[in-house]
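Participant: A single structure is presented below for examination.
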Amino acid sequence: MSGKSSNNINLDLVKRLTDDVCEIGGSNIVLIDTPTTMVAKTNFFLLRGLLDIKKKKGFYVALDRPHQNMDYLLSNHGIDRDNIWYIDTVTHISGGEKVESRNVEFVDMSFEIENLMEVFEEDGNSKGSPSLDDVDFILLENLSAMMNYNSIESIEKFIECFDRVIHDHEDLMGCLVMDTNAHENLSEVVNGYLDKIIDVKKIKEEL
Amino acid sequence: MEEFERVSTGIKGLDEMVEGGLPFPSVALVAGGAGTGKTTFALRFLTEGAKKGEQGLFFTTLSEPTQWMLRYTSQFDFIDKDYFGNEIKYQDIGLLVQNEGYEELLDFIDDKIAEVMPQRIVIDPITVVGSFFDENYRSFLFELTNLLKNWQAVSVLTGEVPPNEAYPEEITYAVDSVILLSMLEEEGSRRKYLEVLKMRGTDHTTGKQPISITTEDGIVVLKSRF
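Chains A and B, in that order, are what the protein sequence lines are. In case it helps, our numbering puts the first sequence at residues 1314 to 1520. In case it helps, our numbering puts the second sequence at residues 5 to 230.
The following block contains the structure:
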């Protein structure tokens, strides 16, 4: 164990992760490779850094857990949520009331993920979310969650489309989070579209 | 078909019985009578995560101060005291259990988890809550397990088994896994056992497995030695 407390390590990790991600600049895609047990935390760290430290604007696409979980985490940690918009593909398959707040759009596409990017093709939408020209990032939560509902071919179609959209926008970064060791076949598919890979485990060891 | 991600329990011999560890995320109950090793199990589980850089959160319902816990744990070689306050956060909820309603307690637990963002959570022992919440106990357990399942973590609840019962029935229906620890008198001596009663999505070994509790490793499933 290092002499640093886990709180300091977490703060250092937020800063380092965000710096590394932002280094790629717009029109590029970065994969953040993190152990499965750290996926939720890594998503939160990234959003914290992008929104709070870098003052970026962006979309968070909830693929694994309803967006309310992340919204609650951000709120609990006092992170300003004015510049985040959620695309929630998960809540429609769970029970309970779907409350559409200002910054969320529920989409029924868990089982046809190849069409997900259509959501972004409209120039803004009825919920008042901005167009892709006006945001800095799209963060996809736990890419491997797509494997629960979709074939690898569908996911590849989605990634192709995601890649095209990101490269069509010069200020837009694409951020993917997943555990490459747990999903090697998905990792192989994604690899061809990446401009950078960030290894969270390695960064943690260095801190 | 996607395989479950699993986290090691740290208990020697147990991971081999359950396809490599507890499913991530999930909620497990570790139940047993007094002195069967429930808290030792929970501590071993948390320290195993801490070794790997995972964050742990230990809720105690007993109102024991941290130094009591540290004194108790000092007998075990597998525990690094530096973990406490860092990789393992210790949170006393005893007073809340005694003085607040179950909704306030759930809110507190939810907030604390959001603050710490652990990958491993322990509530030790959960059964104490039953004596304070009485008619709301089942509702509390149902909502608690739902709350825990919403987090990306593996949660271990420890539960005292009343002398005339096989396991605390009111909890077992709500959790994903049930591990029983027991102590039986055989040939004039007391022997300890571990049994995986239930583990969803897991082809687990059944039947009571003899265990011992050592200062070096905590709980050890004995057949793993041979």
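The beta carbon of each residue, even a glycine, is placed where N, CA and C say it ideally should be.
Tell me which residue opens and which closes the alpha helix (DSSP H) that G53 of chain B is part of.
Facilitator: Within the second sequence, numbered from 1, the residue matching residue 53 of chain B stands at position 49. G53 of chain B -> alpha helix (DSSP H) spans K42 to K55.
Participant: Out of A:L1324, A:C1474, A:A1495 and A:N1461, which one is the CA nearest neighbour of R1378 of chain A?
Facilitator: Position 65 of the first sequence holds residue 1378 of chain A. That would be A:N1461, whose Cα lies nearest to the Cα of R1378 of chain A.
Participant: Could you pull out every unbroken beta strand (DSSP E) segment of at least 3 residues lying fully inside the region 1349-1406 of chain A, listed in chain order?
Facilitator: The qualifying runs are 1371-1375 and 1397-1401.
Participant: Quick one: residues in its chain with C-beta nearer than 6 Å to the C-beta of K56 of chain B, no 5 flanking neighbours on either side, listed in chain order?
Facilitator: Residue mapping note: residue 56 of chain B aligns to position 52 of the second sequence, counting from 1. Once the five neighbours on either side are set aside, K56 of chain B has no close Cβ partner at all.
Participant: Quick check: the Cα distance between W155 of chain B and M187 of chain B, rounded to an integer number of angstroms?
Facilitator: In the second sequence, the residue the question calls residue 155 of chain B occupies position 151. In the second sequence, the residue the question calls residue 187 of chain B occupies position 183. Approximately 33 Å, taken between the alpha carbons.
Participant: For L1445 of chain A and E1418 of chain A, I'd like the C-alpha separation in whole angstroms.
Facilitator: By one-based count along the first sequence, residue 1445 of chain A stands at place 132. By one-based count along the first sequence, residue 1418 of chain A stands at place 105. For L1445 of chain A and E1418 of chain A, the distance between alpha carbons rounds to 15 Å.
Participant: At a CB distance below 9 Å, what residues from the region 1478-1503 of chain A approach chain B? Give them in sequence order.
Facilitator: If the cut-off is 9 Å between Cβ atoms, the region 1478-1503 of chain A has D1492, A1495 and H1496 near chain B.
Participant: On the criterion of 16 or more Cβ atoms from any shown chain inside 10 Å, does W72 of chain B qualify as buried, or is it exposed?
Facilitator: In the second sequence, residue 72 of chain B corresponds to position 68, counting from 1. By the 10 Å Cβ count, W72 of chain B comes out exposed.
Participant: Have a look at F1357 of chain A and G134 of chain B and give me their C-alpha separation to the nearest angstrom.
Facilitator: As a first step, residue 1357 of chain A must be located in the first sequence, where it is residue number 44. As a first step, residue 134 of chain B must be located in the second sequence, where it is residue number 130. Their backbone Cα atoms lie some 34 Å apart in a straight line.
Participant: Please identify, using Cβ separations under 7 Å, the residues of the region 107-130 of chain B that lie next to chain A, in order along the chain.
Facilitator: Cβ contacts with chain A: D115, A118, E119, M121 and Q123.
Participant: Answer yes or no: do Y106 of chain B and S143 of chain B have a C-beta to C-beta separation smaller than 8 Å?
Facilitator: Mapped onto the second sequence, residue 106 of chain B falls at position 102. Mapped onto the second sequence, residue 143 of chain B falls at position 139. Their beta carbons are under 8 Å apart, which means Y106 of chain B touches S143 of chain B by this criterion.
Participant: Between the alpha carbons of F230 of chain B and I215 of chain B, how many angstroms are there, rounded?
Facilitator: For the purposes of this step, residue 230 of chain B is taken as residue 226 along the second sequence, with counting starting at 1. For the purposes of this step, residue 215 of chain B is taken as residue 211 along the second sequence, with counting starting at 1. Since pLDDT at F230 of chain B reaches only 43, below the 50 mark, its modelled position is unreliable, and the value read off the structure follows with that caveat. Their backbone Cα atoms lie some 13 Å apart in a straight line.
Participant: Quick one: Cα of T51 of chain B to Cα of T1331 of chain A, how far?
Facilitator: Along the second sequence, read from residue 1 onward, the residue named residue 51 of chain B stands at position 47. Along the first sequence, read from residue 1 onward, the residue named residue 1331 of chain A stands at position 18. Cα to Cα, the separation comes out at about 29 Å.
Participant: Any idea if L152 of chain B is buried or exposed, counting beta-carbon neighbours within 10 angstroms, 16 or more meaning buried?
Facilitator: Taking the first residue of the second sequence as 1, we reach residue 152 of chain B at position 148. Burial call: buried.
Participant: Taking T131 of chain B as the reference, which of B:A38, B:T44 and B:L226 has the closest Cα?
Facilitator: In the second sequence, residue 131 of chain B corresponds to position 127, counting from 1. Looking at the Cα atoms, B:A38 is the closest of the given residues.
Participant: For I1322 of chain A, collect the residues of the same chain with a Cβ closer than 6 Å to its Cβ; drop the 5 residues on either side in sequence, then sort them by chain order.
Facilitator: As a working note, residue 1322 of chain A is residue 9 in the first sequence. L1520.
Participant: To which residues of the same chain is C1474 of chain A closer than 6 Å at the C-beta, ignoring the five residues directly before and after it?
Facilitator: Here the question's residue 1474 of chain A lines up with position 161 in the first sequence. The residues are M1430.
Participant: How would you write the range of the beta strand (DSSP E) that I223 of chain B sits in, first residue to last?
Facilitator: As a position in the second sequence, residue 223 of chain B is number 219, starting the count at 1. G222 to V225 is the extent of the beta strand (DSSP E) around I223 of chain B.
Participant: Measure the Cβ-Cβ separation of L1507 of chain A and L1386 of chain A and say whether it is below 8 Å.
Facilitator: In the first sequence, counting from the first residue as 1, residue 1507 of chain A sits at position 194. In the first sequence, counting from the first residue as 1, residue 1386 of chain A sits at position 73. No, these two residues do not count as a Cβ contact at 8 Å.
Participant: Can you tell me where the alpha helix (DSSP H) with T64 of chain B in it begins and where it stops?
Facilitator: For the purposes of this step, residue 64 of chain B is taken as the residue at position 60 of the second sequence. Unbroken run through T64 of chain B is the beta strand (DSSP E), G60 to T64; no alpha helix (DSSP H).
Participant: Quick check on the burial criterion: 16 or more other C-beta atoms within 10 angstroms. Buried or exposed for L99 of chain B?
Facilitator: On the second sequence, position 95 is the one that residue 99 of chain B refers to. Under this definition L99 of chain B is an exposed residue.
Participant: What do you reckon, are the CB atoms on M1491 of chain A and N1463 of chain A nearer than 8 Å?
Facilitator: Residue numbering aside, residue 1491 of chain A sits at position 178 when the first sequence is read from its first letter. Residue numbering aside, residue 1463 of chain A sits at position 150 when the first sequence is read from its first letter. No, the pair does not count as a contact, with Cβ atoms beyond the cut-off.
Participant: Taking beta-carbon pairs under 8 Å, can you tell me which members of the region 1341-1361 of chain A lie near chain B?
Facilitator: Taking 8 Å as the Cβ-Cβ cut-off against chain B, the residues of the region 1341-1361 of chain A that qualify are T1349, T1350, M1351, V1352, A1353, K1354 and F1357.
Participant: Skipping 5 residues on each side, what residues in its chain have a beta carbon closer than 8 Å to that of G1505 of chain A?
Facilitator: Residue numbering aside, residue 1505 of chain A sits at position 192 when the first sequence is read from its first letter. Excluding sequence neighbours, G1505 of chain A sits near nothing in its chain.
Participant: So V225 of chain B packs on K16 of chain B, CB below 8 Å; how close in whole Å?
Facilitator: The count along the second sequence starts at 1 and reaches residue 225 of chain B at position 221. The count along the second sequence starts at 1 and reaches residue 16 of chain B at position 12. Indeed, because the Cβ distance is near 6 Å, the residues count as touching under 8 Å.
Participant: Measure the alpha-carbon distance for D96 of chain B versus E9 of chain B and round it to whole angstroms.
Facilitator: Reading the second sequence from its first residue, position 92 is the one you call residue 96 of chain B. Reading the second sequence from its first residue, position 5 is the one you call residue 9 of chain B. Going by the C-alpha atoms only, they are around 30 Å apart.
Participant: Leaving out five residues before and five after A35 of chain B in sequence, what residues of the same chain have Cβ atoms less than 6 Å from its Cβ?
Facilitator: Against the second sequence, residue 35 of chain B aligns to sequence position 31. The residues are G163, V165, Y171, P172 and L184.
Participant: Does the region 62-69 of chain B come into contact with the region 20-34 of chain B, if we say contact requires no fewer than three beta-carbon pairs (one atom in each stretch) closer than 8 Å?
Facilitator: No: fewer than three Cβ pairs fall under 8 Å.
Participant: Compare the C-beta of N103 of chain B with all C-beta atoms of chain A and state if any pair is closer than 8 Å.
Facilitator: Position 99 of the second sequence, counted from the start, is the residue given in the question as residue 103 of chain B. False, the Cβ-Cβ gap to chain A never drops below 8 Å.
Participant: Counting only C-beta atoms, is V11 of chain B closer than 8 Å to chain A at any point?
Facilitator: Locating residue 11 of chain B in the second sequence gives position 7, where the first residue counts as 1. Chain A contact via Cβ: present.
Participant: Under a CB-based cut-off of 8 Å, is G1437 of chain A close to chain B?
Facilitator: Within the first sequence, the letter at position 124 stands for residue 1437 of chain A. Low local confidence applies: a pLDDT of 49 at G1437 of chain A is under 50, so the model's placement there is unreliable, with the coordinate-based value given in what follows. Judged by the 8 Å Cβ criterion, G1437 of chain A is not in contact with chain B.
Participant: Among A:F1433, A:S1388 and A:K1470, which one has its Cα closest to the Cα of I1426 of chain A?
Facilitator: Residue 1426 of chain A sits at position 113 when you count from the first residue of the first sequence. I1426 of chain A has its Cα closest to that of A:K1470, out of A:F1433, A:S1388 and A:K1470.
Participant: Run through DSSP, which three-state label would A32 of chain B get?
Facilitator: Position 28 of the second sequence holds residue 32 of chain B. Reduced to three states, the DSSP call for A32 of chain B is strand.
Participant: Here's the rule I'm using: 16 or more other beta-carbon atoms within 10 Å means buried, otherwise exposed. How should S78 of chain B be labelled?
Facilitator: As a working note, residue 78 of chain B is residue 74 in the second sequence. Label assigned to S78 of chain B: exposed.
Participant: When you compare only the Cα positions, how much space is there between M21 of chain B and V182 of chain B?
Facilitator: Counting from one through the second sequence, the residue named residue 21 of chain B turns up at place 17. Counting from one through the second sequence, the residue named residue 182 of chain B turns up at place 178. Cα to Cα, the separation comes out at about 13 Å.
Participant: Helix or strand or just coil, what does DSSP make of F1419 of chain A?
Facilitator: Along the first sequence, read from residue 1 onward, the residue named residue 1419 of chain A stands at position 106. Three-state result, F1419 of chain A: strand.
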